[in-house]
Amino acid sequence: MTSTIILTRRIYTPDAIKQTMAAFANLCTASFTSGDSDHILILTEVRAQVTDEFLNYALALSAQELLG
Amino acid sequence: MGAEWLDADSTEHALAFTVDERVYSVEALLRTAYWFTDRAYLFISKPTEHTLRVHLKAKPATLESPKSVAIGEIAGEFSNALLDNQLREGIEERTGKIRELLVMKAMAEAGVLEDPPPGSPNDPVADQQHADLTRINLGPQ
Chain Z
1 MTSTIILTRR IYTPDAIKQT MAAFANLCTA SFTSGDSDHI LILTEVRAQV TDEFLNYALA
61 LSAQELLG
Chain V
1001 MGAEWLDADS TEHALAFTVD ERVYSVEALL RTAYWFTDRA YLFISKPTEH TLRVHLKAKP
1061 ATLESPKSVA IGEIAGEFSN ALLDNQLREG IEERTGKIRE LLVMKAMAEA GVLEDPPPGS
1121 PNDPVADQQH ADLTRINLGP Q
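In order, the protein sequences belong to chains Z and V.
Its first residue numbered 1, the first sequence is counted upward by one per residue in my numbering.
Its first residue numbered 1001, the second sequence is counted upward by one per residue in my numbering.
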């Protein structure tokens, strides 16, 4: 199963996405590219619940980074 | 695709709602979202220039939290918490400086700031030789 998800740069930071990818490396294959306003995240070989957990983790890390 | 709930406005276990950035700050939204990541799956998208869309999905019941909560209930609490955080931000903006001044005044009155700094302000070599021409006396030591 493959998921393509657009993450807004306003909320999700590149560092948070990279750290999440590293944390989930054993559970899925992920890649992302950054544009001017969005990141495009592609998750492959991933179960639905892993996608949910991945997004939650990335959001929590982004919040920590942006809020200091 | 595995994340269909991100495209849905409302399902049995997920729903999405729009937040106006002109009313709520990104910081207030992030702070609120952070506190809800243990209760629900969250995703935030940006459909238009001034809006952010919050997607919420209830987490399945686990041994740790066997009682599943209705997504509507979580969304209601999320909205209240968002309003609360925004209000706190506004109050901090308006009264933060006054609070700092009050704390500083209280500390000054309590004499906390009058403690001398540690060590000697004099030249340490001259101190040892008792040969300095000027000495700063901090009072009884």
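Backbone N, C-alpha and C fix where the C-beta goes; we use that ideal spot for every residue, glycine too.
Because the structure is a prediction, the values reported are computed rather than measured.
Residue i versus chain Z: which residues are under 9 Å apart at the beta carbon?
i         : result
Val1019/V : By Cβ distance, chain Z contributes nothing, its closest Cβ being about 11 Å from Val1019/V, past 9 Å.
Thr1037/V : Asn56, Tyr57, Leu59, Ala60, Ala63
From which residue to which residue does the beta strand (DSSP E) around residue i run?
i         : result
Tyr1041/V : 1040-1048
Val1054/V : 1051-1058
Phe32/Z   : 29-34
Find the residues of chain Z that neighbour residue i, judging by a C-beta separation of less than 7 Å, and give them in chain order.
i         : result
Val1069/V : Per Cβ cutoff of 7 Å: no residues; Val1069/V is ~16 Å from chain Z at best.
Lys1097/V : Within chain Z, no residue comes near Lys1097/V; the closest Cβ sits about 19 Å away, beyond 7 Å.
Tyr1034/V : Ala60, Ala63
Residue i to residue j, Cα distance in whole Å?
i         : j         : result
Asp38/Z   : Ala1003/V : 18 Å
Leu1101/V : Thr1032/V : 29 Å
Val46/Z   : Asp52/Z   : 10 Å
Glu1049/V : Val1023/V : 13 Å
Thr1051/V : Val1019/V : 6 Å
Excluding five sequence neighbours on each side, which residues of the same chain lie with their C-beta closer than 6 Å to the C-beta of residue i?
i       : result
Thr4/Z  : Ile42
Leu7/Z  : His39, Leu41
Ala30/Z : Met21, Leu43
Using a Cβ cut-off of 8 Å, pull out every chain V residue sitting near residue i, in sequence order please.
i       : result
Ile6/Z  : Ser1045
Ala30/Z : What Ala30/Z touches in chain V: nothing, since even the nearest Cβ is about 13 Å away.
So is residue i buried or exposed if we call it buried at 16+ other beta carbons inside 10 Å?
i         : result
Gln1086/V : buried
Ala1070/V : exposed
Ala22/Z   : exposed
Ser1065/V : exposed
Could you tell me the boundaries of the alpha helix (DSSP H) in which residue i lies?
i         : result
Asp1020/V : Here Asp1020/V belongs to no alpha helix (DSSP H); instead the beta strand (DSSP E) covers 1014-1020.
Asp38/Z   : Element bounds for Asp38/Z: not the alpha helix (DSSP H) but the beta strand (DSSP E), 38-44.
Ser62/Z   : 48-67
For a contact meaning CB atoms closer than 8 Å, what does residue i contact in chain Z?
i         : result
Glu1027/V : Leu66, Leu67
Which residues in chain V sit within 9 Å of residue i, going by Cβ to Cβ distance?
i       : result
Leu41/Z : Per Cβ cutoff of 9 Å: no residues; Leu41/Z is ~10 Å from chain V at best.
Can you list, in chain order, the residues of its chain whose CB lies under 7 Å from that of residue i, leaving out five sequence neighbours each side?
i         : result
Leu1006/V : Phe1043, His1055
### Query
Taking Cβ-Cβ distances below 9 Å as the criterion, which residues of the segment 2-27 of chain Z are in contact with chain A?
Absent here is chain A; the protein component of the structure consists of chains Z and V.
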